[in-house]
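In the working numbering, the protein residues as written are 279 to 686. We put the beta carbon where it would ideally sit given N, CA and C, even for glycine.
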């Protein structure tokens, strides 16, 4: 990634930082007012039942959330946050205003009467992002439309949401029912496609399918694919939540025009992060982790102790394919073909001729006892018209795919 792109990204993320400070009179210093009284009074706390990396927010509401802890942790602090920043929103004016109380480590957001998705961050004095939260803005109560699987041979059941994280419309003909895309093990979302992608033979785009993202002033910001980097670490994923890390990296031995080392994709592990961990989404511990992208009370599904996957209930023989809206239905559950963000570039892949989808779950793919391959994979449910539909498969963890949450 060029220095220009890095500078641009840093500027975009820090520009929306907001705090509201009171003033002093001539006789007595006044306590700073970080949040307007009308906002603080009207705000509905999203953290009343616990904290998470994602909150479902009603359009037209004023909300607050606890920004003092990482994800669902009760012990791991985000740090010395002094302001809030809007990383991106996928609809202009979706987040009308944003405030932060550094004394209580509470963020406040005023939401427009519209639906969409936004990413909000807490920043330190230097404008560095300490942690970020996904605001999933739509009129949706998961409890009203949950689906519980039949018990398998081990007695395990999973209770699923009826949509992917970030889906704001259940109209099957709308791109808004796709939801967000995630790299395996990451907490922060990337917007899905808003159009079919069209590419030339050299993989350059005729139509890239990217949604326009905006800052808090309503100005368009850089596309996700144009901010992609190769040098991925957990620390960078926290500081740069809008950066898609295209696999891991290795030094080429060359330097760029500024004298900085150049890197290239590492096809050995195909992970987005330099240190792979099978438990980023609870696949080892079975517990919700601080990197889980699901709202309070929900988590990324994982296989049970017997190795049964959360999608074993989906059967090709029971599937109905919707050719008009490009998706599959099983037991009245809708799975749209969303395409992916490609692991090598961060660009979208959603071809009209052969639409497909993958829905991640949190259990890593198991290697054979004799395997010496260094490649690490995540597991996902493949959604594709034909024999591969409803088949659990594995792919590079740097691939961007959908996630559907289950009850904790």
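Assigned with DSSP and collapsed to three states, residue 319 falls in helix. Around residue 322, the same chain offers 339, 340, 341 and 342 as residues with beta carbons nearer than 8 angstroms, after the five sequence neighbours per side are excluded. Under DSSP, residue 458 takes part in a beta bridge, and its partners are 469. Put simply, the region 485-492 does not touch the region 437-447. Fewer than three CB pairs are less than 8 angstroms apart. Annotated three-state conformation of residue 619 is strand, per DSSP. The C-alpha of residue 415 lies about 29 angstroms from the C-alpha of residue 404.
From the listed residues 528, 640 and 427, the smallest Cα separation to residue 659 is found for 640. Between residue 522 and residue 502, the beta carbon gap of about 6 angstroms places them in contact (Cβ cut-off 8 angstroms).
For residue 512, the uninterrupted alpha helix (DSSP H) segment begins and ends at 512-517. The straight-line gap separating the alpha-carbon atoms of residue 529 and residue 315 is approximately 52 angstroms. Straight-line spacing of the CA atoms in residue 600 and residue 359 works out to 47 angstroms. Secondary structure note for residue 379: its beta strand (DSSP E) is the uninterrupted segment 373-379. Secondary structure note for residue 391: it is in no beta strand (DSSP E), with a DSSP letter that is neither H nor E. When DSSP states are grouped into helix, strand and coil, residue 351 belongs to the coil group.
Residue 583 and residue 614 do not touch by the CB rule: their CB atoms are close to 31 angstroms apart, not below 8 angstroms.
A Cβ-Cβ contact shorter than 8 angstroms links residue 681 with residue 637.
With contacts defined as CB atoms closer than 8 angstroms, residue 397 and residue 333 fail to qualify as a contacting pair. In this structure, the alpha-carbon of residue 655 lies about 34 angstroms from that of residue 327.
Per the C-alpha coordinates, the member of 329, 626, 645 and 612 positioned closest to residue 484 is 626. If you compare the alpha carbons of 549, 308 and 563 with that of residue 508, the shortest gap goes to 549. By the neighbour-count definition (other C-beta atoms within 10 Å, threshold 16), residue 519 is a buried residue.
Counting the other CB atoms within 10 Å of its CB gives residue 374 a total below 16, which places it among the exposed residues.
Between residue 390 and residue 362, the C-beta spacing is not below 8 angstroms.
Assignment of beta strand (DSSP E) within the region 559-641, counting only whole runs of 3 or more residues, yields 598-600, 605-608 and 611-614 in chain order.
The region 420-432 and the region 665-678 do not touch, with fewer than three beta-carbon pairs separated by less than 8 angstroms. Using a Cβ distance threshold of 8 angstroms, residue 410 and residue 337 do not count as a contacting pair. For residue 409, the enclosing beta strand (DSSP E) has its first and last residue at 407-415.
Of all alpha-carbon atoms in 378, 368 and 477, the one lying nearest the alpha-carbon of residue 446 is that of 368. Residue range 332-335 is occupied by the beta strand (DSSP E) that includes residue 332. Here DSSP, grouped into helix, strand and coil, assigns residue 652 to coil. Residue state for residue 324 is assigned as coil, using DSSP reduced to three classes.
Of the residues assessed, residue 468 falls on the buried side of the cut-off, its CB having 16 or more other CB atoms within 10 angstroms. A residue is called buried when at least 16 other Cβ atoms come within 10 angstroms of its Cβ; residue 526 meets this threshold and is buried. In the three-state reduction of the DSSP assignment, residue 453 falls in the helix class, which pools H, G and I. Looking at 331, 643 and 335, the one whose alpha-carbon comes closest to that of residue 387 is 335. When secondary structure is reduced to three states using DSSP, residue 505 falls in the helix class.
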